[in-house]
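Worksheet: the structure to be examined is printed underneath.
Numbering (the UniProt record's numbering), first residue to last: 1 to 453.
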């Protein structure tokens, strides 16, 4: 039989198991084990899509993913968004540890999933001893008889089981075995390939009343929205662990890469952050009723740690550079007649970390997105802040992962807008009570609506 990544991992796990049992025998800690009081099954129930967010330092497919790996800090971010938190405990291939489990458990109130290659009841007792509330059982690793034994041990400790499948045959086994939560792994651990089609193909065959979790390869809000028609929840790890700004990474996947533009008050920036925004827009264009001074911008920025974007229209290039540098803007957004030569000169003079976004007013056709030195495009209606939307049918069939959609967005149409597949949405007049005055209730409403799938 050809050796696969999975067979090698399982062989090494048997060696690890023998060594660990010798070093930490079950009789030495079994009488200290108490049943879990955090229900994994209950945590995944409800109308809202569930998210199992993962603490993962490394993987066989990617190598080291997160050098600065601090489980307590990671869990401190996840606790605001997760239904449950998964912790990799495999040492050799994922640089995990059972010692991470109690650290994560202490930082959150949600159940903790021990994610490992479990082949023996000892591992389940060990997981519970270290405060795990659920375990992963992979049908590509265990036989039906092993599964029955292992799941019985888990349930005797009031622990949940995430039953992982990668094929129709394994799904049939999971159904016959009475699995309550089925994880469809989009990664084939035999060759490490990713296939999101697996969730679409297998999910319809899951028995009624069984919770479906789509695992692996999920890295965007557009994927989550689309696959939420097939799955009750998602297990996401690598896409988050690879990002320095973990809070923004989680928000981006769960709600999109969204911006509240035209901020003029610190309290509005705070509302934007608390509701789920990643970006805050500061307008320096002379023609806008939301134009602010650099001093006002500093006051706004003092209200919340957002990624701030300066919005300009036909401003002097030196002025744009000065504002961007002094305020340490994350990006500058150009709404005027700036041409390629102007943009290239701006790129040369801006701080390297400051990105350039180019906005276009869309009428009856989409512009070419082939500009040098432009990191992202904004598709708007009119001159921005008009409250009008353009003809969204123009976006059909387009790859829009470097586009922010603006123009007339609010709670009434943000879901329709999100389905178009843009990287994120840019809200302005649709979340205001008056020009430049944001309404915290309207801001909260759009993000609650974006999360309701």
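Glycine included, each C-beta is placed from N, C-alpha and C at the ideal position.
For residue i, the first and last residue of its enclosing alpha helix (DSSP H)
| i | result |
| --- | --- |
| residue 129 | 121-129 |
| residue 290 | Note, residue 290: premise wrong, no alpha helix (DSSP H); not H, not E. |
| residue 340 | 340-349 |
| residue 76 | 71-78 |
| residue 103 | 100-107 |
| residue 223 | 221-227 |
| residue 362 | Looking at the DSSP string, residue 362 is not in any alpha helix (DSSP H), and its letter there is neither H nor E. |
| residue 320 | 317-327 |
| residue 181 | Segment 181-185 is the beta strand (DSSP E) holding residue 181; no alpha helix (DSSP H) there. |
| residue 334 | Counting along the chain, residue 334 falls outside any alpha helix (DSSP H), though it belongs to the beta strand (DSSP E) covering 331-334. |
| residue 405 | It is not in any alpha helix (DSSP H) - residue 405 instead sits in the beta strand (DSSP E) that spans 403-406. |
| residue 238 | 238-241 |
Terminal residues of the beta strand (DSSP E) in which residue i lies
| i | result |
| --- | --- |
| residue 141 | Segment: none, residue 141 is in no beta strand (DSSP E) and carries neither H nor E. |
| residue 268 | No beta strand (DSSP E) contains residue 268, which is instead part of the alpha helix (DSSP H) from 266-275. |
| residue 213 | 211-215 |
| residue 300 | Run containing residue 300: none in the beta strand (DSSP E); it sits in the alpha helix (DSSP H), 294-301. |
| residue 113 | 112-115 |
| residue 434 | 432-434 |
DSSP three-state assignment for residue i, whether helix, strand or coil
| i | result |
| --- | --- |
| residue 453 | coil |
| residue 233 | strand |
| residue 4 | coil |
| residue 439 | coil |
| residue 39 | coil |
| residue 479 | Nothing about residue 479 can be read from this structure; the chain reaches only from 1 to 453. |
| residue 422 | coil |
| residue 171 | helix |
| residue 176 | helix |
| residue 163 | strand |
| residue 371 | coil |
| residue 58 | strand |
| residue 380 | strand |
| residue 253 | helix |
| residue 191 | coil |
| residue 311 | strand |
| residue 394 | helix |
| residue 280 | strand |
| residue 150 | helix |
| residue 447 | helix |
| residue 87 | strand |
| residue 457 | The chain is shown only over 1 to 453; residue 457 falls outside these bounds and no answer can be derived. |
| residue 9 | helix |
| residue 248 | helix |
| residue 409 | coil |
| residue 64 | strand |
| residue 53 | strand |
Beta-carbon proximity check, residue i vs residue j, cutoff 9 angstroms
| i | j | result |
| --- | --- | --- |
| residue 225 | residue 264 | no |
| residue 181 | residue 78 | no |
| residue 239 | residue 266 | no |
| residue 329 | residue 269 | no |
| residue 218 | residue 203 | no |
| residue 96 | residue 116 | yes |
| residue 207 | residue 175 | yes |
| residue 205 | residue 435 | no |
| residue 178 | residue 36 | no |
| residue 275 | residue 446 | yes |
Assigned exposure category for residue i - 16 Cβ within 10 Å defines buried
| i | result |
| --- | --- |
| residue 245 | exposed |
| residue 46 | exposed |
| residue 71 | buried |
| residue 437 | exposed |
| residue 448 | exposed |
| residue 1 | Confidence at residue 1 is low in this model, with a pLDDT of 35, below 50, so its placement is unreliable and the value that follows should be read with caution. By the 10 Å Cβ count, residue 1 comes out exposed. |
| residue 26 | exposed |
| residue 227 | buried |
| residue 453 | buried |
| residue 408 | buried |
| residue 141 | buried |
| residue 528 | Beyond the ends of the chain as shown, which are 1 and 453, falls residue 528; an answer cannot be given. |
| residue 322 | exposed |
| residue 441 | exposed |
| residue 258 | buried |
| residue 251 | buried |
| residue 148 | exposed |
| residue 319 | exposed |
| residue 15 | exposed |
| residue 64 | exposed |
Whole-number beta carbon distance between residue j and residue i, since they are thought to touch under 8 angstroms
| i | j | result |
| --- | --- | --- |
| residue 474 | residue 354 | Residue 474 cannot be examined here, being either before or after the span of the chain that is shown, 1 to 453. |
| residue 126 | residue 112 | Not confirmed; about 14 angstroms, so no contact. |
| residue 135 | residue 118 | 6 angstroms |
| residue 44 | residue 211 | 5 angstroms |
| residue 56 | residue 88 | 5 angstroms |
beta-carbon residue i near the ligand MG non-hydrogen atom, thresh 8 angstroms
| i | result |
| --- | --- |
| residue 62 | Because no ligand of any kind appears in the structure shown, any question about the ligand MG cannot be addressed here. |
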